[in-house]
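Here's the structure we're looking at; comments come further down.
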Amino acid sequence: MPIAARFYALRSSPRARYWVTAALVFGLSGLWAVAAPLFANADEPAHATRAAAIARG
């Protein structure tokens, strides 16, 4: 099967479109998680403090 036919079949299949989209979202989310330094997001220190307070009672 030629590559163009495979690409068209991938585009026309809802199941394939779902899995390609899920893989892209998962991959980009993983890259974001790895690229962002610890405690660099907007309110991450507040979340860490709250989580520690809840865990300790």
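Residue numbers (my numbering): 10 to 66. Using N, Cα and C, we set each Cβ at its ideal position, and we do this for glycine too. Computed from a predicted model, the values in this text were never measured in an experiment.
Is the beta carbon of PHE48 sitting closer than 9 Å to the one on ALA61?
The sequence position of residue 48 within the sequence shown is 39, counting from 1. The sequence position of residue 61 within the sequence shown is 52, counting from 1. It is not a contact, given that the beta carbons lie outside the stated cut-off.
May I ask which residues mark the beginning and end of the alpha helix (DSSP H) holding PHE35?
Counting from 1 along the sequence shown, the entry for residue 35 is found at position 26. Note, PHE35: alpha helix (DSSP H), 23-44.
Backbone secondary structure at PHE16 - three-state DSSP:
In the sequence shown, the residue the question calls residue 16 occupies position 7. Here PHE16 sits in helix by DSSP.
Tell me whether the beta-carbon of ALA18 lies closer than 9 Å to the beta-carbon of ALA25.
Locating residue 18 in the sequence shown gives position 9, counting from the first residue. Locating residue 25 in the sequence shown gives position 16, counting from the first residue. Yes; because the gap between Cβ atoms is below 9 Å, this pair is in contact.
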